[in-house]
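Chains A and B supply the protein sequences, listed in that same order.
Our numbering applies: residue 147 is where the first sequence begins, and numbers increase by one.
Our numbering applies: residue 1210 is where the second sequence begins, and numbers increase by one.
A virtual CB, placed ideally from N, CA and C, is assigned to each residue, including glycine.
The next block holds one structure in the form of C-alpha cells; read it before the comments.
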Amino acid sequence: MLAQLLRRDLAQFFPFTGSGAALPVVFFVAVAMLFPFAVGPDANLLAKTGGGVVWIAALLAAILPLEKLVARDIELGFFDQLKLRGMAEEAMMTVRLVAHWLSFGPPLVLATFPAAALLKIEGETLQILLLGLLVGTPGLAAIGLMIAALTASLRAGAALSGLLLIPLALPILIFGAGALARQDQVSLGFVAAISLALAAVAPFAAGAAIRAAREG
Amino acid sequence: MQAPSPALSVHDLACRRGERLLFRRLSFALDAGAVCHVTGANGAGKTTLIRALAGLMTPYAGEVRRTGTLGLLDERSGLDPDLPLRRALAFWFAVDAGNAPQAIMARLRLEPLAEVPVRYLSTGQKKRAAFARLLGQAAQVWLLDEPLSGLDTASQGLVSELVREHCAAGRIALIASHQPLDVPGMTRFAIEDYAPSDEAEA
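If you want it as C-alpha cells, here you go:
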C-alpha cells in the first residue's frame, strides 16, 4: 500500500506530470536569470554573490508547492480513506515527504547547472553549491511538509506558510551559503545534520497536525 | 474465510461539534446482514455520527465497537480531480486489491466516463464513481453519508440494489440520509430523538 501511495504522490507532485509542479524549478531558474540583469554582468561580482542567490532562490522555490501539498488531500477526503484502511498518519506523511523531496530536490539540483552558468559559478564553488543543495533540500522539504500540514485547515494557509518557512529555514541557509563563502565542506555536515533531524521529526509533526485538522 | 461475522455497535454515544452537543445517549447494535437508516435534518449530526463510527472523530462520550473492515462513502470522493476517472479509480482498486474493476465500472455505468477527468464529472457521476471505489474495497461494514444526494432515479434504484446485495451477503450498512430509502428489513432511527432536550438553555 505504501508503494502504491508513493507512486500516486510522485505522479501528483513530480514536475511535468503533476499539475503545475514544474513551477518551482522554472521559478528557481528565473531568479538566477534575473540577478545578472539587476547587478550587471561583472563576472567577479556574480561569482562571489551568485551562490547566495541560488540558495535564496531554492528557499523561495520551496514555498511554491506547499499550498497543494497537504490541504488538497484533506479536502478530497483522501487521507480519511487511507486511515480507514488502517494506515497511520505518520506513514502517509513519510511517503508524502519522500515524494515532495524527490519532486523538488533533485530537479532543483539539476536546474542549478543552468543557473550556475548564468551566475558564472564554476569549479569547486559549484561543487559545494550542488552538494549543499543536495543535502539541504531534504530539510527544506521537511519544514515545508510540517508547515503545509499545520496550516492546511486555515483559510490564509498559503500566504502564511511562506512567512513561516523563511525563519525556520535560516539555519540551513546560513550553513549552506556559509560553506560557499569559506569554501569548506565542513559546514555542509551541519546542513546534512539539520536536514536529517528535520526529516526525522517531520512525519510525526505533520501526522499529528492532520489528525488535529480532522478532529476539528 | 475464517473472518468473524461483522458487527457494529455503539454504547451511550455522545458527540459534539465545536461547543454544541449534537446528540447523546445513543446506543444501538447491528449484526450481520443489518441495514440501518439514520434520518435527521441538515446539521442534526448525521455526518458527525458517521465520522465517529468510522473512527475519524473522537466521540465526546461513549464507545464504538466494530468488527470487520470499514468502507466510507461521503460527499468527498477521495478521487484525484485532475486524473481521468479510470486512473483515479485504479489507485484505489490497486490499494484495495478487491473486486474486479471492469465489472464494477460496468455495473455503475462508468465506462463511458472512464477517460473524463474527475473534476469535470457532475455531482451524480462523482457519487457513482465513489460507489465504484466503495465496491472495489469489498468492506464488511458500509457507512454511507447521504448516498442518494445528487443521483437520478435510476441511480437511486441502483444504490438500493447494491445495499440489498451487500446486506444479503451478511454484511452491514448504516445509511445516513434525509431521503427515503427502500431496503427490506431495514431499521430506522432519527438522530433528533437523541438531541439534548435542554438546548434552549445552552
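Review point. Does any C-beta atom of chain A lie closer than 7 Å to the C-beta of R1328 (chain B)?
Key: For R1328 (chain B), the answer is no, since every Cβ of chain A falls outside 7 Å of its Cβ.
Exercise for review: Answer with buried or exposed for E235 (chain A), where buried requires no fewer than 16 other C-beta atoms within 10 angstroms of its C-beta.
Suggested key: buried
Check your understanding: So M1395 (chain B) is in the beta strand (DSSP E); what residue range does that whole segment cover?
Key -> M1395 to A1399
Check your understanding: When you compare only the Cα positions, how much space is there between L1371 (chain B) and P1310 (chain B)?
Key -> 16 Å
Check your understanding: Shortest alpha-carbon distance to A217 (chain A) belongs to which of B:E1272, B:G1287, B:G1277 and B:L1281?
Key -> B:G1287
**Study point:** Contacting residues, own chain, Cβ-Cβ under 6 Å from A352 (chain A) (five flanking each side not counted)
**Key:** M239, L291, M292 and A295
Check your understanding: So the alpha helix (DSSP H) E1374 (chain B) belongs to, where does it begin and stop?
Key -> For E1374 (chain B), the enclosing alpha helix (DSSP H) covers residues T1362 to A1377.
**Study point:** Interface flag, E361 (chain A) vs chain B, CB-CB below 7 Å
**Key:** yes
Practice item. Give a yes or no on whether 7 Å exceeds the smallest Cβ distance from R1275 (chain B) to chain A. Key: It does not: the Cβ of R1275 (chain B) has no partner Cβ on chain A nearer than 7 Å.
Check your understanding: Is V1304 (chain B) close to chain A, meaning its C-beta is less than 7 Å from at least one C-beta of that chain?
Key -> Output row for V1304 (chain B): interface = yes.
Review point. Which residues in the same chain as D155 (chain A) place their Cβ atom closer than 7 Å to its Cβ, once the five residues preceding and following it in sequence are excluded?
Key: Excluding sequence neighbours, D155 (chain A) sits near V241, R242 and A245.
Check your understanding: Of all the CB atoms in chain B, is at least one closer than 7 Å to the CB of F224 (chain A)?
Key -> yes
Exercise for review: Quick one: give me the first and last residue of the alpha helix (DSSP H) that H246 (chain A) is part of.
Suggested key: Residues E235 to L264.
Exercise for review: Quickly, what does DSSP pair F1237 (chain B) with across the bridge? List them, please.
Suggested key: As DSSP reads the structure, F1237 (chain B) sits in a beta bridge with B:V1219.
Review point. Which value, in whole angstroms, describes the spacing of the CA atoms of P252 (chain A) and L1258 (chain B)?
Key: 45 Å
Practice item. State the beta-bridge partners of H1246 (chain B) as determined by DSSP. Key: B:I1384 and B:R1397
Practice item. Please confirm whether G196 (chain A) and L265 (chain A) have their CB atoms less than 7 Å apart. Key: yes
Check your understanding: Quick one: is Q1333 (chain B) near chain A, going by C-beta distance under 7 Å?
Key -> For clarity, residue 1333 (chain B) is Gly in the given sequence; the question names Gln instead. No Cβ of chain A is located within less than 7 Å of the beta carbon of G1333 (chain B).
Check your understanding: Alpha carbon to alpha carbon, how far is T1396 (chain B) from T1248 (chain B)?
Key -> 11 Å
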